[in-house]
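Line order of the protein sequences matches chains A and B. Counting along the first sequence from 1, when you hit position 207 you're at 264 in our numbering, and nothing is skipped either side. Counting along the second sequence from 1, when you hit position 69 you're at 126 in our numbering, and nothing is skipped either side. Notes to accompany the following structure.
Protein chains: 2
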Amino acid sequence: MSEEPVGGDLSRLRQLNASAVLRELRGDQPLTLTELSKRTGLSRASTEDVARDLLGRGWLAEVAPASGSVGRPARRYRFNAGAGRLLGVDIGGHKALALVTDLDGKVLNQTRITVDPEAGRRERLAAMDRCVAKALAGAGVEAGQIWSTGVATTGLVDGSGKVMLSDSLPEWSGVDLAAHVRRLVPGPVRVENDCKLAALAETWHGVARYAKDVVFLLAGLRTGAGLIIDGKLHRGFANWSGEIGALPAAGWLRAPEHLTSWLEGTAASPSAPVEFESVFIAARAGDQSAVQAIRDYVQDLAVGASALVLTLDPQLVVIGGGFSRSADVMVEPLRRELDRWCLRTPEIRVSAFADEGVALGAVRLALDEVEATIRTGLRP
Amino acid sequence: MSEEPVGGDLSRLRQLNASAVLRELRGDQPLTLTELSKRTGLSRASTEDVARDLLGRGWLAEVAPASGSVGRPARRYRFNAGAGRLLGVDIGGHKALALVTDLDGKVLNQTRITVDPEAGRRERLAAMDRCVAKALAGAGVEAGQIWSTGVATTGLVDGSGKVMLSDSLPEWSGVDLAAHVRRLVPGPVRVENDCKLAALAETWHGVARYAKDVVFLLAGLRTGAGLIIDGKLHRGFANWSGEIGALPAAGWLRAPEHLTSWLEGTAASPSAPVEFESVFIAARAGDQSAVQAIRDYVQDLAVGASALVLTLDPQLVVIGGGFSRSADVMVEPLRRELDRWCLRTPEIRVSAFADEGVALGAVRLALDEVEATIRTGLRP
């Protein structure tokens with residue numbers, strides 16, 4: 058039997074009631090106390106009680122009564138997304154990207170700084186610091202106004218926010234990102250792997266909003282995966298889920314080589330994603346060697362993707378990452394390959410995010426922390 | 058925010074309270090109302106209210122007061138596992154196996170009937186019917202006393218209890234098992250894939266009780282997987298999860314061939330699991346060709362297993378199925394292979410069940426249905 062035990066001490070009950078009320082108000086529609094009480098199943102009295110408490114915390118705002126209502130119009134309430142500010146940071150191989158948002162993830166500022174893939178730890182951290190400072194200034198927000206921060210990084214991350222292992226970044230393994238970012242902003246800081254947070258962003262504000270089980274594929278210079286299972290980000294026992302790419306038989310280690318070798322055929326050096334796009338541009342222009350290179354790439358990508366699909370039988374596969382901008386030449390070949398291997402090929406969607414998806418997932422991670430404060434009764 | 062909203066109409070609240078109380082009483086220790094109220098966080102009044110209701114339903118039993126207690130001793134209650142009977146059936150390639158149990162899964166009768174792998178649909182269903190009848194008779198239970206039934210079958214099963222696809226059994230695809238079994242016993246009948254239910258059995262009464270994320274490997278004539286994620290059986294969008302074996306790159310299609318070809322080298326025909334054991338017996342006796350055949354088998358098994366481990370990062374891998382009886386010669390080679398491919402090799406345990414694990418999982422499935430009746434307030 059899996060429900061939360063009901064009851065507990067009063068404050069616990071109030072917290073649960075509060076989160077029930079807030080959940081109902083996260084929609085766009087403001088609601089009256091009567092509507093809230095109906096939707097949450099709470100008594101009118103406890104609904105009023107909770108609403109008063111949340112108004113006091115600034116979580117709710119009262120909106121003008123519906124016009125044309127007969128008699129004394131009922132007060133209506135909405136979630137006050139403006140009550141706080143969140144920071145989401147994506148520190149990757151080629152860039153640092155920071156988002157300052159409200160509590161709904163509405164972006165107040167987005168700042169991007171290019172980082173040399175060869176940059177060492179100190180340089181990369183410094184670039185991240187500059188990026189965060191610019192984003193805060195751009196949003197007109199003091200560090201002290203940030204309620205909660207999420208940080209996305211390439212590599213495997215442990216529960217404490219330390220990078221355990223990063224193949225792609227020199228000197229990055231072992232960096233304590235959480236501790237570093239806490240020097241920049243007060244309040245809780247959580248760190249997570251970038252593929253996992255990109256998946257989270259798709260279920261929050263992206264193309265996977267409606268899906269409970271989702272395989273997110275990061276298709277770019279690196280290939281990675283993030284898994285949403287039963288509506289929640291799946292982390293695994295040591296937070297090392299989604300790493301099927303480490304298995305040679307999955308084809309992901311080899312996949313990008315088809316594109317790099319095509320690029321080596323042309324003079325361009327495959328150092329930055331922008332140059333990778335030339336393969337897709339050439340393919341679009343009908344260059345047969347480019348079309349073949351992409352077909353070979355997708356063939357390898359599809360083996361690991363099929364392993365994920367056959368394992369989890371997800372409702373949806375989302376393609377994100379640098380190459381997703383070139384999805385027009387990738388999706389159909391991928392679908393054909395999945396049809397070849399899978400018992401049931403799920404719907405395939407392409408991420409609608411440019412390169413802010415990962416950072417937006419970091420914002421969602423920050424918001425998780427804030428929402429947890431409601432349930433534990435702590436004020437942000 | 059993921060909790061159940063608190064409140065709802067009174068009966069709903071009572072049902073939640075009832076399941077909270079029952080959850081506390083599923084342990085071995087009988088509890089007083091005071092202890093129950095403390096553990097569930099319910100008021101004394103609602104605890105008494107719920108206990109009275111559950112006593113009336115026969116779900117609770119009162120036990121003799123603790124001896125030596127001063128003054129008027131407090132009443133103590135326990136979950137009454139004897140209140141009902143459950144039926145679990147495993148219909149597979151070589152056998153039908155039926156379990157009649159109490160509500161804790163304590164086996165009152167276990168009946169096994171051998172079935173010819175070549176048997177057609179009608180023959181196989183008839184064998185299952187005989188097996189169920191013998192099990193009920195052996196337990197001294199009328200069909201009418203069965204509260205709920207779970208059925209395990211090889212092949213893919215849809216939500217309605219129909220077998221969608223079975224590679225291993227002739228004429229089995231399309232059989233409506235749920236409808237067939239409803240002719241034998243009243244009450245709800247649920248049907249599920251055998252690997253999934255074997256995994257469920259391990260988390261219920263097997264070696265995986267403590268683990269939240271588990272990869273169960275069925276190692277036998279067929280290779281299959283069942284996934285426990287966040288403490289729950291993972292089914293997937295179309296209930297087709299765990300089917301990574303369908304991917305040639307996973308190695309599972311090829312794996313058993315190493316053993317069959319060794320058997321073909323010896324005169325024995327690889328039709329029944331018992332003969333497969335001769336490979337393991339020979340390996341134990343030091344036959345180098347047998348040792349090599351098993352090593353090759355494990356090498357292929359490990360590729361798909363590593364894909365599952367890298368994908369989910371489970372706490373535990375459980376080896377079950379026919380070959381698990383020979384785990385002594387399999388586990389160490391498997392561990393070495395997982396160490397080779399995985400970032401983190403989870404603990405590996407061998408199922409403690411003989412061949413009743415799958416049927417026990419079917420019993421657990423039947424119990425899920427019974428426990429759902431508490432939450433929905435229906436009497437069994």
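Quick reminder that beta carbons are idealized off the backbone N, C-alpha and C, glycines included. Computed from a predicted structure; not experimentally measured.
Where A:Phe-333 and B:Glu-321 are concerned, what is the direct C-alpha to C-alpha distance, given to the nearest angstrom? 52 Å
Give every residue of the same chain whose Cβ lies closer than 6 Å to the Cβ of B:Glu-61, excluding the five residues on either side of it in the sequence, and list them in chain order. Reliability fails at B:Glu-61, whose pLDDT of 35 lies under 50, so the model's placement of it is uncertain and the value that follows must be treated cautiously. Nothing listed; no residue qualifies.
Per-residue contacts from B:Gln-356 into chain A (C-beta, under 7 Å): Ordered by position in chain A, no residue passes the 7 Å Cβ test against B:Gln-356, which lies about 11 Å from the chain.
When the distance is taken between beta carbons, is B:Asp-370 closer than 7 Å to A:Ala-209? no
Given that B:Glu-245 touches chain A, what residues does it touch there, using C-beta distances under 9 Å? Note on identity: in this sequence residue 245 of chain B is Pro, with Glu being the wrong assignment. Those within 9 Å of B:Pro-245 in chain A number zero; the least Cβ separation is about 17 Å.
Could you please give the first and the last residue of the uninterrupted alpha helix (DSSP H) stretch that includes A:Met-185? 178-196
Reference A:Ala-77; option with closest CA among A:Lys-191, A:Phe-136, A:Leu-154: A:Phe-136
Output needed for B:His-476: all residues of its chain with C-beta closer than 7 Å, excluding positions within five of it in sequence on either side, in chain order. Residue 476 of chain B is absent from the structure shown; chain B starts at 58 and stops at 437.
Give the residues of chain B in contact with A:Ala-307, contact being defined as C-beta atoms less than 7 Å apart. Ala-364
Examine the Cβ distances between the segment 256-266 of chain A and the segment 417-426 of chain A and report whether three or more of them are shorter than 8 Å. yes
Under 7 Å between C-beta atoms of B:Glu-300 and A:Leu-400: yes
Endpoints, the beta strand (DSSP E) within which B:Ala-102 is located: Unbroken run through B:Ala-102 is the alpha helix (DSSP H), 101-114; no beta strand (DSSP E).
Can you list the beta strand (DSSP E) stretches of 3 or more residues lying completely in the segment 240-266 of chain A, in chain order? 246-250
Roughly how many angstroms lie between the CA atoms of B:Ile-351 and B:Ala-339, to the nearest whole one? 10 Å
Quick check on the burial criterion: 16 or more other C-beta atoms within 10 angstroms. Buried or exposed for A:Ser-383? buried
Buried or exposed for B:Arg-406, please, with buried defined as at least 16 other CB atoms from any protein chain shown within 10 angstroms of its CB. buried
If I follow the unbroken beta strand (DSSP E) through A:Thr-206, where does it start and stop? 203-210
At the level of alpha carbons, what is the spacing between B:Val-360 and A:Ser-103? 55 Å
Separation of A:Ala-362 from B:Trp-319, as counted between CA atoms: 34 Å
So, do the segment 200-208 of chain B and the segment 146-162 of chain B have three or more beta carbon pairs nearer to each other than 8 Å? yes
Tell me the rounded alpha-carbon separation between A:Ser-298 and A:Leu-365. 11 Å
Secondary structure at A:Asn-166, three-state DSSP: helix, strand or coil? strand
Between the segment 400-412 of chain A and chain B, which residues of the former have CB atoms less than 8 Å from a CB of the latter, in chain order? Leu-400, Arg-401, Pro-403
For B:Ser-298 and chain A, any beta-carbon pair shorter than 7 Å? yes
Proximal chain A residues relative to B:Phe-294, where beta-carbon distance stays under 9 Å: Ala-268, Lys-269, Asp-270, Leu-369, Asp-370, Pro-371, Gln-372, Leu-373, Arg-401, Pro-403
Just curious, the beta strand (DSSP E) that A:Glu-119 is in, first and last residue? 117-120
Ends of the beta strand (DSSP E) at A:Ala-285? Correcting the residue identity first, residue 285 of chain A is Ile in this sequence and not Ala. That run of the beta strand (DSSP E) goes 280-286.
Which residues share a DSSP beta bridge with B:Val-386? In DSSP, B:Val-386 forms no bridge with anything.
Could you tell me whether any Cβ in chain B is nearer than 7 Å to the Cβ of A:Leu-90? no
Please list the partners that B:Val-360 has in chain D, where partner means a Cβ-to-Cβ separation under 8 Å. This model lacks chain D altogether, as its protein chains are A and B.
When Cβ atoms are compared, which residues of the segment 272-287 of chain B fall closer than 9 Å to chain A? Ala-282, Leu-284, Ile-286, Asp-287
What separation, rounded to the nearest whole angstrom, lies between the Cα atoms of A:Ala-265 and B:Ala-347? 49 Å
Neighbourhood of A:Asp-215 by C-beta distance below 7 Å, restricted to the same chain and skipping five residues each side: Met-221, Asn-296
Cα-Cα separation between B:Ile-376 and B:Glu-404, rounded to whole angstroms: 11 Å
Residues in the same chain with beta-carbon distance under 7 Å from B:Trp-204, minus the five sequence neighbours each way, listed in chain order, please. Gly-141, Arg-142, Leu-143, Gly-244, Val-427, Pro-437
Please list the segments of the beta strand (DSSP E) lying wholly inside the segment 319-404 of chain B, counting only runs of 3 or more residues, in order along the chain. 373-377
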